[in-house]
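Q: Protein chains in written order, with the numbering used here: chain A, 85 to 571; chain B, 161 to 812; chain C, 2 to 294. Ideal Cβ placement from N, Cα and C applies to all residues, glycine included. My structure is below; once you've seen it, I'll send some questions.
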Amino acid sequence: MSVLTGKELRIVGFLCNWCSYGGADTAGVGRFVQPTDLRIIRVPCSGRIDPLFIVKALLNGADGVLVSGCHPRDCHYSQGNFYARRRLEVLKHFLPVLGIDPARFEYTWVSASEAQRWQKVVSSFTERIHKLGPASRLENTALPDGLEKRFAAIASGELPSDGKAATRLEELKDRIHEFLPDLDIVIGWQRGFDALHNTPLFMRSAEDLEKLVWGPLNIHNTATYLPSLRGKKVGVVVKGCDSRSVVELLQEKLVDRENIVVFGMPCSGIVDLSKIDRALRERGTGIGRVQAAECGEKGVTIKAGGQEYRFAMEEVAADKCFHCEYPNAVLADHLIGNASPSSSNGKISRQLAAFDAMSLQERMAYWRSQMDRCIRCHACRNACPLCVCKDHCIAQSRDPHWISQEDTITEKLMFQVVHAVHTAGRCTECGECERACPMDIPILAMKRQMNRAIRELFEYKAGTDPEAVPPLLAFQAEEKNIHEGVL
Amino acid sequence: MRIGVFVCHCGSNIEGTVDTAAVARAALGFPEVALATDAMYTCSEPGQDAIVQAIREKGLSGIVVASCSPRMHENTFRRAVERAGLNRYMFEMANIREHVSWIGKDREANTNKATELVRMAVEKLRRNTPLFSNKFDVTKRVLVIGGGVAGIQAALDCAEGGKEVVLVERESSIGGKMAKLDKTFPTVDCSSCILGPKMVDVAQHPNIKLLACTELKSVGGYVGNFQVELRKKATYVDWTKCTGCGQCMEKCPSKKSEDRFNERIGVTTAINIPFPQAIPKKAVIDPASCRHFLKGKCGVCAKVCPTGAIDYEMKEEVLTEQVGAIIAATGYDVFDISKIGEYGAGRYPDVITSLQYERLLSASGPTGGHIKRPSDGAEPKTIVFVQCVGSRDKSLGRPYCSGFCCMYTAKQAILTRDHIPDSQVFVFYMDIRAPGKLYDEFTRRAMEEYGARYIRGRVAMVYPQGSKYIVRGADTLLGTNVEIEADLVVLAAGAEAAAGAPALAEKLRISYDPYGFFVESHPKLRPVETNTAGVYLAGSCQGPKDIPSSVAQGSAAAAKVLALFSKDKLESDPQISRVDIKRCVGCGKCILTCPYGAIKKIDFRGEPKAEVVATVCQGCGICTSTCPQGAAQLAHFTDDQILAEVNALCRF
Amino acid sequence: MIKQLAYYPGCSSLGTSREYDMSTRAVCELLGLDLKEIPDWSCCGSSPAHSFDHSLSAALSARNLALVETMGLDMVATPCPSCLSNLKTSSHRMQRETFRDKVNLLLDKPYMGSVKSMSVLQALIEQVGTDTIAAMVAQPLTGLKLAPFYGCIMNRPSEIMEFDDPENPTSMDRILTALGAEVVPFPLKVECCGASYGVPFKDIVAKLSGKLLSCALDAGAEAVVVACPMCQMNLDLRQKQLAKPAGVNFEIPVVYFTQLMGFAMGLPESRLGFDKLCVSPALLLSRTLAAAS
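Structural data, given as structure tokens:
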């Protein structure tokens, strides 16, 4: 037993108990004839509706999801629909990123007395879904030829640079040396197991300071470690993007301002090691064979397998560094050197542009092909400086039981959506998720598209103002940029 | 779990378009369903008994009833389940009447949909847990907002019931609109003569604390335990000293103050007691026209006041009161007639509202009870009344009937003839709406005994011609145009929500309709309750009402409050949020978004955690959808329960 | 700054209201409103077309609006309220897709819906403003008591015309005040003068127009100021006809507001066409001149 084939499509409704469920009741009492497709789930308030319920439904077979609550200012709980409006609107902007037609989801307001309006809402939404037809299923989509290639060749653009990277390291060391006695620890970077893989450095003494390095191989986000060091006096060396994480952590009161000393380093872009690996492999070698690496103004010179390879920064820089808006720390107690000029020119990155150019079908296929590789190691989440849940992630709990242990594409994608929704309006695009991914899945691209929606809707950029409240934890009675769909 | 499913026929209401037996058969295949059956009327006594019996005999631990809306009978069945010894929350409903059988006739689709709804209910029920209420104390004091006749009645009834009452009134005297009326329909008895004694009772009742010139600032807390902040405006007169002797008014040199009590017909003194029967009878200075405040010197009232009550330095005060219940009785406003350009109100002084006319009729009004035109003071001989001005008019956003205008217009027609025997009254009307006791007889008297000429039709335009006004309208019964030369035009201005009503509703966390009137909990069965527990409605703030209805609602609201206060302890709704302390990481996002401030940060073994204050939580679930790790869970609407419903529907 | 507007004169301006057209062009030129007459404009269909067929009627107006789009302009002004009513109603109805398609099918060049139509009165108020007008006054109309008469369709229905108060408009009052004249309270300023019954039911016209003129006289007006060719003709031309039923010999000048503007701004009378009026305002105007000097 399920939907009647050929007659009905799977439409799920989430209705608040006080207004819309009452409105649907009133419509029934008034014998207002409606299509039979809709199945209604009753919730106390539209504010109770986690956008993830809707994603869950859409990824698991729903052809359409309809949410209805009390009219703004008329919420039984006074504010629930205001929160709902923001969250649902963000979801509406996010669904196409996954390749789901946003028309398959609608939210609206119906009061308990608006029987006729409810009839209209149900009829027009059902008609809309029937026009769209059955939704494509993630598992059944196939990647069109050449899409992956088309995608691999995109990253390029402008990088921030002032060419003074070398001189700053000494200045930075001097400055840290000066403050180290008052601090328990200072976080920076050191050379890792090979010449390419720099790793975080935790400095407690002057000797440690000697290990400090600076350059485009300092990929790790140093802010990630701050919450776990809470209670200690911590110095942290940050790139522009790392500093945004610091701001966001401060904003969410996950770290204490008085215990943190920020050393801001102007950044001229970092490399993407998976790009280097790809490039090396194209030349018949691999990142595992690297013997030496040097980063200069011209780019990266790598010795591997006895050969020398030279890559311009434009070839191997991380996608997030192109058109970087914040090469300098947005918050710093000590700014080292001259500020790097921002390379942001109002253009969207080519990576985003390439996503935009895909059809919905292609996007879904794209994610299917990417998620196919996911091994559910959760490294992406563990690396995220803003994941507050840590050991209590809903991806691994039975109560609540959001995600099953089944090894399916849907469950894997669902997990990525959970993370994207939980970090919506908080993610600073530091890229740790993508760096940590052993399967080279472009997770950051999903987050960046979410951020773009947040920016368009709320004129908000995470991690720029320590006093701001993340937009999904706030609301305005009149939302400037939200114009609810009319049904 | 052993689940019992009862599929109701509701006579033919459901059975007519849903094969209930088939639904029950299908339900038997759902997980943990031990019994599934269909029944004629599940909500009837035998129907409920069948549930109770099944629970006892078959050892059921959860019940699903597929019938009408849970908004209709959820409580009925919960009580039945409880009678059989189960926890009342081990019960779910599938709404197969309002959401299925009544909205379409396709029996196959309906049966299929009903079956799915039952499956959803079963899946949810499988994750239900028993919930238990907490008990908490009740503060047995009530706040009444608004001192019109509804508020007065509510305050007196509560006070008579032995409960303490705080009555706040925005103006300097209670009495509201009724105090401005000359006579009341259909008995034509004197308004202030019947209201006056009640006002005195309010002043003298030991259980009533009357705060005039006071407004509500904020409301915190919940039913049984509200903390209310009140803003007492500066009156510039120390009321503990003022005796209401009125010497200040006699001597006040500034006589251009807006006379709000007399509906701005005429002006009054800057220091003022609005009317002789005012309660409290205390003077108030209007700083907008007082010379002391405008020019910095005068001080006449301070000189003549025999008790030295004048205090020009007085400041607004904020008072705090603890109450257990709140009655909103904030009344209505009169439609702004100048919005209708074609009637010229605002431009033509002799086009007035019926409430202004009431002041002209009143012996304590600005004309001493003689009907005089505002423009030249002449006695009008031809008076045209226009009904439905700002009522039943979609173009003005006022599609509703104000209800009492037909009656007071008839009353004013009668009084006009009493005051000026050689006058002629014309009444333009759309329909006569006189459904109350003795009401229709009353309008007939206005026409038949008092010779008021009723013309069925709308007035198109009023314009001055010489010293008269031409009222042009349609007579739809005769099918002609009519033009009447009038001396005075009285517009029966409709009632609209009081200007601050939406803001007050937001403070009280109650709903209001698109016009600004407060929304009752149920239009028929819960007319004075609101959706916020402990907040009640009386009088016209809920919709236009005449005096008898307002008084009845005042008493009804008082009865609700007394019933609430008859218990020493109240039971909280257990459908509230809880934070699983093991899962909580103390990020505080729930604290930020809770509209009630019901979540506080606590220290648990040195770790910050969130905790729900059970009595403050209202069960909206915003925290649950905010909490990323699912630590905050709204009982009865947990993530798992809703996911179970989603999964019941969305399975490839 | 010169503002460019398309100009739709309307048929009356070629005949009975030439003085309105003349004075409008002269005044706008002086005030820096560059009126570009729509090339090859055609009749708006007033007033019989819409009673025959809505889409045909709308097409008549839409053709002219489409021409405005070809001119590269987005605003059109017309002196005649009746033309305005047709232009605006057509635009309004054509917001509906189905209706728009139906109308555009009748046209060589479809109308895209980008043109805002307004009366010359609205253009003067919104594009020039009374401050500028007051500043341009050379000989104020001091002491002149005027009754502004807007007619019944200038501002109605308000949801289509979207200008001024439909029951108590004041735009012309403000212009006349800016010219230095005294505006008398004229309660019948938006009444019907009966123009469309001019041929079949003269008695109705006599009643309606007579009442208007009596009211103006009662209010103390020395002239009625109008913004509509039909009203002007009706009130001016028929004064003798009206005299008998009303029992009053009116002899009250009925002038266009643009004529008075031109006069106050010192434009030569040859450009204002006072000589085309039936009841001459000469006496009044010369009195103003004398008072000014």
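Residues bridged to Cys379/A by DSSP?
A: DSSP lists Val384/A as partners of Cys379/A.
Q: Please state whether the Cβ-Cβ distance between Asp326/A and Asn305/A is less than 8 angstroms.
A: The answer is yes: Cβ separation under 8 angstroms.
Q: Quick one: grab the DSSP three-state call for Gly547/A.
A: Coil, per DSSP.
Q: Which full runs of the alpha helix (DSSP H) of 4+ residues lie inside the region 290 to 341 of chain A, going along the chain?
A: Counting whole runs of 4 or more residues, the region 290 to 341 of chain A contains the alpha helix (DSSP H) stretches 290 to 294 and 324 to 335.
Q: Using DSSP with H/G/I as helix, E/B as strand and the rest coil, what is Asp419/B?
A: Asp419/B: coil per DSSP, three-state reduction.
Q: In three-state terms, what does DSSP make of Gly90/A?
A: Note: Gly90/A maps to coil in three-state DSSP.
Q: If we ignore side chains and look at the alpha-carbon of each, how far apart do Pro230/C and Lys37/C end up?
A: If I take the Cα positions, the gap works out to 21 angstroms.
Q: How close, in whole Å, do the beta carbons of Glu656/B and Tyr675/B come, if the pair is a contact with beta carbons under 8 angstroms?
A: Going by Cβ atoms, the distance from Glu656/B to Tyr675/B rounds to 7 angstroms, so yes, they are a contact pair.
Q: Could you check if Met72/C belongs to the surroundings of the ligand HEM, using beta carbon to heavy atom distance under 7 angstroms?
A: Because no ligand of any kind appears in the structure shown, any question about the ligand HEM cannot be addressed here.
Q: Exposed or buried, which one is Cys353/B when buried takes at least 16 other CB atoms within 10 Å?
A: Its Cβ having fewer than 16 others within 10 Å, Cys353/B is exposed.
Q: For a contact defined as C-beta to C-beta under 8 angstroms, what are the partners of Gly501/B on chain C?
A: Residues of chain C passing the Cβ test: Asp166, Pro167, Glu168 and Asn169.
Q: Just the chain B side, please: which residues come within less than 7 angstroms of Leu285/C by C-beta, in chain order?
A: Under the 7 angstroms cutoff, chain B gives no residues; its nearest Cβ is about 25 angstroms from Leu285/C.
Q: So, are the CB atoms of Val414/A and Val331/A less than 8 angstroms apart?
A: Cβ distance < 8 angstroms, so Val414/A and Val331/A count as in contact.
Q: According to DSSP, simplified to helix, strand and coil, what is Ala135/C?
A: It is helical.
Q: Should Val745/B go down as buried or exposed, given a rule of 16 or more other Cβ atoms within 10 Å for buried?
A: Buried: at least 16 other Cβ atoms inside 10 Å.
Q: Would the beta-carbon of Cys458/A fall within 8 angstroms of that of Glu516/A?
A: No, the pair does not count as a contact, with Cβ atoms beyond the cut-off.
Q: What does a CB cutoff of less than 7 angstroms around Pro254/C pick up in its chain, not counting 5 residues either side in sequence?
A: Result list for Pro254/C: Ala224, Leu278, Val280, Ser281, Pro282 and Leu285, in chain order.
Q: How many angstroms separate the CA atom of Arg94/A from the CA atom of Gly148/A?
A: So the alpha carbons of these two residues sit roughly 7 angstroms apart.
Q: So which of Arg616/B, Val178/B, Gly596/B and Leu303/B has the shortest CA-CA distance to Gly484/B?
A: Nearest C-alpha to Gly484/B: Leu303/B.
Q: Would you mind sorting Asn535/A into buried or exposed? The rule is 16 or more other CB atoms within 10 Å of its CB.
A: Asn535/A is buried by the Cβ-count criterion.
Q: Name, in chain order, the residues that DSSP records as bridge partners for Trp273/A.
A: Pro284/A, per the DSSP bridge assignment.
Q: Quick one: is Asp799/B near chain A, going by C-beta distance under 8 angstroms?
A: With 8 angstroms as the cut-off, Asp799/B counts as an interface residue toward chain A.
Q: So, using beta-carbon positions, are Glu398/A and Leu243/A closer together than 8 angstroms?
A: Taking 8 angstroms as the Cβ cut-off, Glu398/A and Leu243/A qualify as a contacting pair.
Q: Along chain B, in chain order, which residues have C-beta atoms closer than 8 angstroms to that of Gln118/A?
A: Residues of chain B passing the Cβ test: Ile263 and Gly264.
Q: Out of Pro534/B, Phe677/B and Lys401/B, which has the shortest C-alpha to C-alpha gap to Ala659/B?
A: When each option's Cα is compared against that of Ala659/B, the closest is Phe677/B.
Q: Just the C-alpha distance for Lys203/C and Thr133/C, rounded to the nearest angstrom, thanks.
A: About 42 angstroms.
Q: Interface residues of chain E around Leu88/C at Cβ under 8 angstroms?
A: Reference to chain E is not applicable here, since the protein chains of this structure are A, B and C.
Q: Just confirm the distance between the C-beta atoms of Val478/B and Leu390/B, as a whole number of angstroms; I'd bet it's less than 8 angstroms.
A: With 8 angstroms as the limit, Val478/B and Leu390/B qualify as a contact, their Cβ atoms being about 7 angstroms apart.
Q: Opposite Lys146/C in the DSSP bridges: which residues?
A: In the DSSP output, where bridge partners are listed per residue, Lys146/C has Glu183/C.
Q: For a test of the three-state rule: what should DSSP assign to Asp763/B, helix, strand or coil?
A: Looking at Asp763/B - three-state DSSP - the assignment turns out to be strand.
Q: Below 7 angstroms CB to CB, which residues in the same chain sit around Leu108/C once its five sequence neighbours on both sides are set aside?
A: Result list for Leu108/C: Ala60, Ala63, Arg64 and Ala67, in chain order.
Q: Would you kindly report the start and end of the unbroken beta strand (DSSP E) that includes Leu99/A?
A: Its beta strand (DSSP E) spans residues Ile95 to Cys100.
Q: Using DSSP with H/G/I as helix, E/B as strand and the rest coil, what is Cys548/B?
A: It is a strand residue.
Q: Would you tell me roughly how many angstroms separate the C-alpha atoms of Ser551/B and Tyr560/B, rounded to the nearest one?
A: The straight-line gap from Cα to Cα measures roughly 6 angstroms.
Q: Residues of chain B with CB under 9 angstroms from Pro158/C, in chain order?
A: Under the 9 angstroms cutoff, chain B gives no residues; its nearest Cβ is about 10 angstroms from Pro158/C.
Q: Does any C-beta atom of chain A lie closer than 8 angstroms to the C-beta of Ala269/B?
A: Judged by the 8 angstroms Cβ criterion, Ala269/B is in contact with chain A.
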